[in-house]
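*Asks:*
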Amino acid sequence: MKPTPLLACLSSLCLLGAATPALSDEIWVTNEKDDTISVIDIETMEVTRTIPTGERPRGITFSKDFSVVYICASDSDAVQVMDPATGEILHDLPSGEDPEQFVLHPDDRHLYIANEDDAITTVVDTVSRTVVAQIDVGIEPEGMAVSPDGKIAITTSETTNMAHWIDTETQELFANTLVDSRPRHAEFVKGGSELWVSAEIGGTISVFDVATQAEKTKISFEVANMHPDRVQPVGFEFTQGDTHAFVALGPSNHVAVVNAETYEVEDYILVGRRVWHMDFNADRSLLFTTNGVSGDVTVIDVASRKALKSIKVGRFPWGAAFRPTN
Amino acid sequence: MSWRSMAICLAVTFCSSLASTPTDAQAADVTVQFVQQKVPPPPVLSNLDPIPEDLGLRGAELALTDNMTTGRFLGQNWTLEITQVEPGGDFASALDAALAQTDLVILDAPAAQVREAASRVAGTTALLFNAGASDPALRDEACSANMLHTLPSEYMLSDALMQFAVKRRWTDLALITGEGPGDAEQAAALERSATKFGLKIGARKTWAFDADMRRNASQEVPLFTQELGDYDLLLVADAANDFARYIPFNTWRPRPVAGAEGLTPQVWDRVVEQWGAAQLQSRFAELAGRDMQGRDYAVWAAMRAIGEAVTRTKAADAQTLRSYMLGPDFELAGFKGRPLTFRDWNGQMRQPIALTHRGALVAQAPLEGFLHQRTELDTLGLDAPESRCAAFKQ
Chain A
1 MKPTPLLACL SSLCLLGAAT PALSDEIWVT NEKDDTISVI DIETMEVTRT
51 IPTGERPRGI TFSKDFSVVY ICASDSDAVQ VMDPATGEIL HDLPSGEDPE
101 QFVLHPDDRH LYIANEDDAI TTVVDTVSRT VVAQIDVGIE PEGMAVSPDG
151 KIAITTSETT NMAHWIDTET QELFANTLVD SRPRHAEFVK GGSELWVSAE
201 IGGTISVFDV ATQAEKTKIS FEVANMHPDR VQPVGFEFTQ GDTHAFVALG
251 PSNHVAVVNA ETYEVEDYIL VGRRVWHMDF NADRSLLFTT NGVSGDVTVI
301 DVASRKALKS IKVGRFPWGA AFRPTN
Chain B
1001 MSWRSMAICL AVTFCSSLAS TPTDAQAADV TVQFVQQKVP PPPVLSNLDP
1051 IPEDLGLRGA ELALTDNMTT GRFLGQNWTL EITQVEPGGD FASALDAALA
1101 QTDLVILDAP AAQVREAASR VAGTTALLFN AGASDPALRD EACSANMLHT
1151 LPSEYMLSDA LMQFAVKRRW TDLALITGEG PGDAEQAAAL ERSATKFGLK
1201 IGARKTWAFD ADMRRNASQE VPLFTQELGD YDLLLVADAA NDFARYIPFN
1251 TWRPRPVAGA EGLTPQVWDR VVEQWGAAQL QSRFAELAGR DMQGRDYAVW
1301 AAMRAIGEAV TRTKAADAQT LRSYMLGPDF ELAGFKGRPL TFRDWNGQMR
1351 QPIALTHRGA LVAQAPLEGF LHQRTELDTL GLDAPESRCA AFKQ
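The structure is reproduced here in C-alpha cells:
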C-alpha cells in the first residue's frame, strides 16, 4: 500500500524530532573519484550526508578542537579548510602541487604535506596561510608522520623507498633510511620511541628505533590462499595503549592485527576490496576501513576482531577521520 | 660517423647542490649506456599515430632522475650515456665503444642487433638489458647469460590476450595476418597461445591488399571477413598497425576484434592509471610532453632495475647486480600492482600485461583463475619446464 501524502509527511516529521537531541560521533571518508566526503554516523552506521570537495580528495584530518577539517584536494593542488558543521569551504591553503597526504603538527598550527608529483614536502602555517618551508625528498612522497614531541617529521617516498627524517626546528633532513618497496604510511608509537613504516610492494612494515634511526625489526604478512605479491600493507592504526596495530593489506582485502610488543601477526580480518586507510571511534572499540575498489567502509569490532558491517560510500574511498560531535 | 654519443652527467652537479646528508654512505659511481638502433618507420596507411622520435630514450631519462633522487641520499652518482645508431649504421662498433665505458648497457634495437650484441659480450662481465625486441627466441634457444629482458616477449603478450578470450568463453577464433615485418611472428605467437589455452583458430586469411583503406575500408572489410564464417573473436596480426585499425565495426559479423587493434595486449599504455601509475604517467608526460609508451616503459624498467639493485647491494659492478636481480630478494615497484622480478631460467622480467582499448584498461593479465605453482605471472610466456635456454643453468 502506498502511504498517503499526509502520513508520509507525519512520519518524516517524527524522524526529524527524534534525531535532533542525540547527535552521535562521525567518521569522515574522502572519496577519491567522486570529489566528495561521505559522513558516517557511528551510532546508526549509515551515511548521513555527502559533502562536495575539490578534485580528488585524499588525505583528511581535523584540527585539535575539531573546529576545522583539512582536506588534500590533490588535483585542485590545494589543501582545503572546511567548516565541519556546515560543510562550507572556508579557504584554501597553499600546498604545493598535488598534495596527497599530510599530518598536523602537535602545535595544531603547521601542516606537513607530501607533494606527490614534485618530490617535495611542504610545511604550511595554517594561521598565516603561508608556506614556511619546502624540503626536497625522494620521488613520490606519501606517508607523513610527526613525533608526539613535535621535533621530528617523517616523509616516506614511494619510488625512492625511503623514510626521510626532518628536523622540525631547521626544516632540514637529518637522516634517510631505506625501507622495502613503495612505502605508503608512517606512524610514531610508544610515546614516539618507535617509528613504523609500511611498504606496499615490499609487503612489510619496518619498525625503527627513533633515537638511533636504526631498524629494529621487520614485520611480514601471510594471508591464507593469497599469493604474497598481493599482500600489500598500506595504512595502519594503533589500538588504545599502542598494544596492537590494525594494518590494511590493500588488494588482499584483509586487515592484519599485529601485536605491537611481540611484532607477531595475530589475526587477519576479511574486509572490502583494496582496503586502504582507517580510523577508530572515540574509545577505539570500532575501526572503520576504507575499501577503494568496492567503494565501501568496513566496520570492525576491535575486541572480537570481527567485521560487523559494510557501509556503501562514494567511489574509491581513500582517507578516514574521526569527528566527535559532543 | 654513423652513430653519435652523448652523455647526461647531471649527477655530480645535482648532488652538490642539495644539502641532504647521505646517512648510509655507500658512494657508488654508476654509468649506464643506452644504445639505440634507429629503425625507419614502416609505411602505414594512416598518419594518426606517428612513432615519437624520442621513443625509449625518454624512459631512460625519467628513470635516471628517479635513480638520482634516491642516489643523492646515498652518495651515488649516476651517469647516462646515450648512443644512437642511424639506420644502416655500424651498430657493432657503436656497441663496442659503449662497452668500453661501462658494463651496464640498455639496448633498444631490433632482434638481429640484439642477437649480435649477445654474441659480442659472451664470456665478458657485461650485463645487457633488452628493452626493444620481443622475439621469443632471444629468451629461448638464443638466450644469453649476459642479457636480461625488460620488454615482454611476444608470447607473454599473446598469452595475456588468450587468457581473456578463455575468461570470456570466446573459444572459436579467426585470424587475419598482414604481410609486413613482424606480422607472421605475431600470428605465430597467437597460434601458439591459442593452443596453450585450448582455443581453436578456425579460419585464417592473409591481408594482401595494397589499396588505401581510408577510402574504402567499409567496402572491402565486410566482404573480406565474410569468408571467415562464424567465430567469437577476430584476431589481427599487424605489427605496425597498418590495416588493423580499419577492421573494427567493418566486419561482416558483429564480432569483437583483438590483437593489433581493438583489445590489445600492452607492456604499458596511457590508459593504465591504477596502482599509482597515474603518478608515473604524469611524471613522464611532464618530462617528454607526450604519453608513455611500451618501449619507454621497458627502458625505464631496465634503468630502475639497475637503480634498485645498486641501492640494495651497495655495489656497482655488473655481475653483483646480475646475481641480485636474478635472486629472491630483488623486486621492482613498477606501477603494475605487484612487484616485478626476473625469471632465473632466461632473464625475462616477470610482469603483468595490460589488456587495453584506446579508451580504457579492460583487464590485466594474469587474469584471476589462471593458477601456477610459483606465481601466476608465470602463466604468461615461456615457463621453466619448456625453456630451451641453457645459458642460465650453472
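Same order as they appear, the protein sequences are chains A and B.
This note's numbering numbers the first residue of the first sequence as 1 and each following residue consecutively.
This note's numbering numbers the first residue of the second sequence as 1001 and each following residue consecutively.
Ideal placement from N, C-alpha and C gives every residue a C-beta, glycine not left out.
All of these numbers come straight from a predicted model, not from anything done at the bench.
Residue range of the beta strand (DSSP E) that B/A1301 falls in?
*Replies:* Taken as a continuous stretch (DSSP letters only), B/A1301 belongs to no beta strand (DSSP E), being part of the alpha helix (DSSP H) at G1294 to T1313.
*Asks:* What does the alpha-carbon distance come out to for the pair B/M1068 and A/E140?
*Replies:* 14 Å
*Asks:* Just the Cα atoms here: how many angstroms apart are B/A1100 and B/S1144?
*Replies:* 20 Å
*Asks:* Flag B/G1276 as yes if its beta-carbon sits less than 8 Å from any beta-carbon of chain A, otherwise no.
*Replies:* yes
*Asks:* Return the residues of the region 1175 to 1188 of chain B that lie within a Cβ-Cβ distance of less than 7 Å from chain A, sorted by chain order.
*Replies:* none
*Asks:* Rounding to the nearest angstrom, what Cα-Cα distance links B/P982 and B/G1259 in this structure?
*Replies:* This structure cannot settle anything about residue 982 of chain B, because the visible part of chain B is limited to 1001 through 1394.
*Asks:* Here's the rule: buried if 16 or more other CB atoms are within 10 angstroms of the residue's CB, otherwise exposed. What is B/H1372?
*Replies:* exposed
*Asks:* With H, G and I counted as helix, E and B as strand and the rest as coil, what does DSSP make of A/S198?
*Replies:* strand
*Asks:* Over what stretch of residues does the beta strand (DSSP E) that includes B/T1069 continue unbroken?
*Replies:* Careful: B/T1069 lies outside any beta strand (DSSP E), inside the alpha helix (DSSP H) at L1057 to L1074.
*Asks:* Listed from N- to C-terminal order along the chain, which residues in the region 1313 to 1338 of chain B have their beta-carbon within a distance smaller than 8 Å of any beta-carbon of chain A?
*Replies:* Among the residues of the region 1313 to 1338 of chain B, those with a Cβ less than 8 Å away from any Cβ of chain A are E1331, L1332, A1333, G1337 and R1338, in the order of the chain.
*Asks:* Could you tell me which chain B residues have their CB closer than 8 Å to the CB of A/M162, listed as they occur along the chain?
*Replies:* T1070 and F1073
*Asks:* Under a CB-based cut-off of 8 Å, is B/D1066 close to chain A?
*Replies:* yes
*Asks:* Taking only three categories from DSSP, how would you classify B/Q1226?
*Replies:* helix
*Asks:* From the DSSP output, read off the bridge partner residues of B/W1078.
*Replies:* B/V1030
*Asks:* Check whether the region 285 to 300 of chain A and the region 265 to 274 of chain A touch, using three or more Cβ-Cβ pairs below 8 Å as the test.
*Replies:* yes
*Asks:* Against chain A, does B/Q1279 count as a neighbour if the rule is that its beta carbon must be under 8 Å from one of theirs?
*Replies:* yes
*Asks:* Which word fits B/L1332, buried or exposed, when buried means at least 16 other C-beta atoms lie within 10 angstroms of its C-beta?
*Replies:* buried
*Asks:* What's the C-alpha gap between A/V207 and A/S38?
*Replies:* 33 Å
*Asks:* Where are the beta strand (DSSP E) runs, 3 residues long or more, that stay fully inside the region 77 to 142 of chain A, in chain order?
*Replies:* 78 to 83, 88 to 93, 99 to 104, 110 to 115, 120 to 125 and 130 to 136, all fully within the region 77 to 142 of chain A.
*Asks:* Where does B/R1283 sit, in a helix, a strand or coil, going by DSSP?
*Replies:* Of the three classes helix, strand and coil, the one that applies to B/R1283 here is helix, per DSSP.
*Asks:* Considering just the uninterrupted stretch of the beta strand (DSSP E) at A/E26, what are its terminal residues?
*Replies:* E26 to N31
*Asks:* Straight-line CA distance for B/Q1281 to A/M45?
*Replies:* If you take the alpha carbons of B/Q1281 and A/M45, they lie about 38 Å apart.
*Asks:* Counting only C-beta atoms, is A/D92 closer than 8 Å to chain B at any point?
*Replies:* no
*Asks:* Spatial neighbours of A/D267 within its chain, please: C-beta separation below 6 Å, excluding the five flanking residues on both sides.
*Replies:* V257 and R305
*Asks:* Using CA atoms only, rank isn't needed, just tell me which of B/Q1348, B/T1356, B/R1388 and B/G1359 is closest to B/A1133.
*Replies:* B/Q1348
*Asks:* Assess, as a yes-or-no matter, whether the region 1339 to 1356 of chain B is touched by the region 244 to 261 of chain A under the definition of 3 or more beta carbon pairs within less than 8 Å.
*Replies:* no
*Asks:* Straight-line CA distance for B/P1022 to A/T239?
*Replies:* Only weak support exists for where B/P1022 lies, its pLDDT of 44 falling under 50; the coordinates are left without a value.
*Asks:* Keeping to the same chain, check which residues put their C-beta closer than 6 Å to that of A/S193; ignore five residues upstream and five downstream.
*Replies:* Counting only residues of its own chain and dropping the five nearest sequence neighbours on each side, A/S193 has a CB closer than 6 Å to the CB of V210.
*Asks:* Rounded to the nearest angstrom, how far is the Cβ of B/R1233 from that of B/I1176, given a contact under 8 Å?
*Replies:* At residue 1233 of chain B the sequence reads Leu, which differs from the Arg that was named. About 12 Å separates the beta carbons of B/L1233 and B/I1176, which is beyond the 8 Å limit, so they are not a contact pair.
*Asks:* Check each candidate in B/D1344, B/E1308, B/D1296 and B/D1291 and name the one with the smallest Cα separation from B/L1057.
*Replies:* B/D1296
*Asks:* Rounding to the nearest angstrom, what Cα-Cα distance links A/A321 and A/P228 in this structure?
*Replies:* 29 Å
*Asks:* Using a Cβ-Cβ cut-off of 8 Å (strictly less than) and excluding sequence neighbours within five positions of B/K1200, which residues of its own chain qualify?
*Replies:* So the qualifying residues of the chain are T1171, D1172, L1173 and A1194.
*Asks:* With C-beta atoms as the reference, is A/V47 less than 8 Å away from A/V313?
*Replies:* yes
*Asks:* Go through the region 1333 to 1388 of chain B residue by residue and report every complete run of the beta strand (DSSP E) that reaches 3 residues or more, in order.
*Replies:* 1353 to 1356 and 1361 to 1365
*Asks:* List the residues of chain B whose Cβ lies closer than 9 Å to the Cβ of A/S181, in chain order.
*Replies:* Think of a sphere of 9 Å around the beta carbon of A/S181: the chain B residues whose beta carbon falls inside it are E1308, E1331, L1332, A1333 and P1339, in chain order.
*Asks:* Can you find the residues in the same chain that come closer than 6 Å, C-beta to C-beta, to A/D92, ignoring five residues on each side of it along the sequence?
*Replies:* A78 and Q80
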